[in-house]
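Here the structure comes first, spelled out in C-alpha coordinates, and everything after it is commentary.
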Amino acid sequence: MKRVTACLVFAFGLAVTASTPAAADTAATWITPWRLATPRCADHPNAPVIGRIAGEVGFDSHKSVSFVGCFPSFEACYAWKGPLSGRFGGRIIINRCDPRFGDTGGFRRAF
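Numbering (mature numbering (1 follows the signal peptide of the UniProt record, and there is no 0)) for the sequence shown: -23 to -1, 1 to 88.
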(Lines of atoms letter the chains of each structure in order from A and count residues from 1; the text may use other names and numbers.)
(Lines give C-alpha, C1' and ligand atoms only; values in the text may rest on other atoms or scores of the structure.)
Protein backbone atom coordinates (compact mmCIF):
# COMPACT_ATOMS: atom_id res chain seq x y z
CA MET A 1 0.00 0.00 0.00
CA LYS A 2 2.88 2.38 0.77
CA ARG A 3 4.36 1.65 -2.67
CA VAL A 4 1.04 2.53 -4.35
CA THR A 5 0.92 5.85 -2.49
CA ALA A 6 4.55 6.61 -3.30
CA CYS A 7 3.97 5.71 -6.94
CA LEU A 8 0.94 7.99 -7.17
CA VAL A 9 2.88 10.88 -5.62
CA PHE A 10 5.65 10.24 -8.14
CA ALA A 11 3.10 10.15 -10.98
CA PHE A 12 1.63 13.49 -9.91
CA GLY A 13 5.12 14.95 -9.82
CA LEU A 14 5.69 13.76 -13.37
CA ALA A 15 2.41 15.28 -14.50
CA VAL A 16 3.25 18.66 -13.00
CA THR A 17 6.82 18.86 -14.27
CA ALA A 18 6.24 17.33 -17.69
CA SER A 19 4.35 19.98 -19.59
CA THR A 20 5.79 19.36 -23.05
CA PRO A 21 3.92 17.15 -25.52
CA ALA A 22 5.01 13.56 -26.01
CA ALA A 23 6.42 14.37 -29.45
CA ALA A 24 8.89 16.86 -27.98
CA ASP A 25 10.76 14.20 -26.06
CA THR A 26 11.60 10.66 -26.97
CA ALA A 27 9.30 7.91 -25.83
CA ALA A 28 12.00 6.28 -23.72
CA THR A 29 12.48 9.39 -21.57
CA TRP A 30 8.93 9.27 -20.27
CA ILE A 31 7.99 5.57 -20.54
CA THR A 32 10.51 4.32 -17.97
CA PRO A 33 9.43 6.66 -15.13
CA TRP A 34 5.77 5.80 -15.74
CA ARG A 35 6.55 2.08 -15.74
CA LEU A 36 8.23 2.53 -12.37
CA ALA A 37 5.26 4.59 -11.09
CA THR A 38 2.72 1.95 -12.16
CA PRO A 39 1.87 -0.43 -9.28
CA ARG A 40 2.45 -3.99 -10.48
CA CYS A 41 -0.40 -6.44 -9.98
CA ALA A 42 2.09 -9.10 -8.86
CA ASP A 43 3.12 -6.78 -6.01
CA HIS A 44 -0.52 -6.05 -5.06
CA PRO A 45 -2.38 -9.37 -5.46
CA ASN A 46 -5.42 -8.20 -3.47
CA ALA A 47 -5.88 -4.80 -5.09
CA PRO A 48 -9.53 -4.63 -6.21
CA VAL A 49 -9.11 -2.30 -9.21
CA ILE A 50 -7.11 -2.80 -12.41
CA GLY A 51 -6.18 0.06 -14.71
CA ARG A 52 -5.13 -0.27 -18.34
CA ILE A 53 -3.81 2.28 -20.81
CA ALA A 54 -2.50 1.43 -24.27
CA GLY A 55 -1.81 3.50 -27.34
CA GLU A 56 0.77 5.08 -29.58
CA VAL A 57 3.40 7.65 -28.70
CA GLY A 58 5.19 10.04 -30.99
CA PHE A 59 4.06 11.68 -34.18
CA ASP A 60 6.82 11.00 -36.72
CA SER A 61 7.49 7.37 -35.85
CA HIS A 62 4.82 5.70 -33.75
CA LYS A 63 5.65 3.31 -30.94
CA SER A 64 3.00 1.22 -29.23
CA VAL A 65 3.07 1.17 -25.44
CA SER A 66 0.81 -0.23 -22.74
CA PHE A 67 0.59 0.06 -18.98
CA VAL A 68 -1.33 -2.15 -16.54
CA GLY A 69 -1.51 -1.46 -12.83
CA CYS A 70 -3.51 -2.62 -9.80
CA PHE A 71 -4.90 -0.10 -7.32
CA PRO A 72 -6.61 0.05 -3.91
CA SER A 73 -9.53 2.14 -5.28
CA PHE A 74 -11.05 3.60 -8.42
CA GLU A 75 -9.94 7.04 -7.29
CA ALA A 76 -6.30 5.89 -7.17
CA CYS A 77 -6.65 4.36 -10.63
CA TYR A 78 -8.13 7.57 -12.05
CA ALA A 79 -5.37 9.61 -10.42
CA TRP A 80 -2.81 7.39 -12.19
CA LYS A 81 -4.39 7.21 -15.63
CA GLY A 82 -5.40 10.87 -15.95
CA PRO A 83 -1.91 12.39 -16.21
CA LEU A 84 -0.54 9.31 -17.99
CA SER A 85 -3.13 9.41 -20.77
CA GLY A 86 -2.12 13.01 -21.48
CA ARG A 87 1.40 11.87 -22.35
CA PHE A 88 0.39 9.83 -25.40
CA GLY A 89 1.15 11.69 -28.62
CA GLY A 90 -0.80 9.31 -30.85
CA ARG A 91 -4.13 7.60 -30.49
CA ILE A 92 -5.19 5.95 -27.24
CA ILE A 93 -6.58 2.47 -27.79
CA ILE A 94 -7.64 1.63 -24.23
CA ASN A 95 -7.94 3.88 -21.19
CA ARG A 96 -9.97 2.36 -18.36
CA CYS A 97 -10.27 1.30 -14.74
CA ASP A 98 -12.26 -1.86 -13.97
CA PRO A 99 -13.08 -4.11 -11.01
CA ARG A 100 -10.39 -6.76 -10.84
CA PHE A 101 -12.23 -9.64 -9.18
CA GLY A 102 -15.58 -11.37 -9.27
CA ASP A 103 -18.88 -10.70 -10.92
CA THR A 104 -19.42 -7.07 -11.83
CA GLY A 105 -23.12 -7.63 -12.54
CA GLY A 106 -22.63 -6.40 -16.09
CA PHE A 107 -21.35 -3.08 -14.76
CA ARG A 108 -18.07 -1.76 -16.14
CA ARG A 109 -16.50 1.53 -15.15
CA ALA A 110 -14.77 2.73 -18.29
CA PHE A 111 -14.25 6.42 -17.65
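Heads up, the beta-carbon is just placed ideally off N, CA and C, and yes, glycines get one too.
Assuming residue i and residue j are in contact, meaning their beta carbons sit under 8 Å apart, how far apart are those beta carbons, in whole angstroms?
| i | j | result |
| --- | --- | --- |
| Val26 | Pro76 | 7 Å |
| Ile30 | Ser62 | 6 Å |
| Gly28 | Trp57 | 6 Å |
What are the start and end residues of the alpha helix (DSSP H) that includes residue i?
| i | result |
| --- | --- |
| Gly59 | 51 to 62 |
Just to confirm, does residue i get its C-beta within under 7 Å of one of the non-hydrogen atoms of the ligand COA?
| i | result |
| --- | --- |
| Tyr55 | Ligands displayed in this structure: none; no statement on the ligand COA is therefore possible. |
On the criterion of 16 or more Cβ atoms from any shown chain inside 10 Å, does residue i qualify as buried, or is it exposed?
| i | result |
| --- | --- |
| Ala(-2) | Bear in mind that the predicted position of Ala(-2) carries a pLDDT of just 43, short of 50, making it unreliable; the figure below should be weighed with that in mind. With 16 or more other Cβ atoms within 10 Å, it is buried. |
| Arg64 | buried |
| Phe78 | exposed |
| Ala19 | exposed |
If distances are taken between C-alpha atoms only, which option among the options comes closest to residue i?
| i | options | result |
| --- | --- | --- |
| Cys47 | Pro22, Ile69, His39 | Pro22 |
| Asn72 | Tyr55, Phe78, Gly66 | Tyr55 |
| Ala5 | Val42, Ile69, Cys18 | Val42 |
For the beta strand (DSSP E) that contains residue i, what are its first and last residues?
| i | result |
| --- | --- |
| Ala24 | Segment: none, Ala24 is in no beta strand (DSSP E) and carries neither H nor E. |
| Arg73 | 69 to 76 |
| Phe65 | It is not in any beta strand (DSSP E) - Phe65 carries neither H nor E in the DSSP assignment. |
| Gly46 | 40 to 48 |
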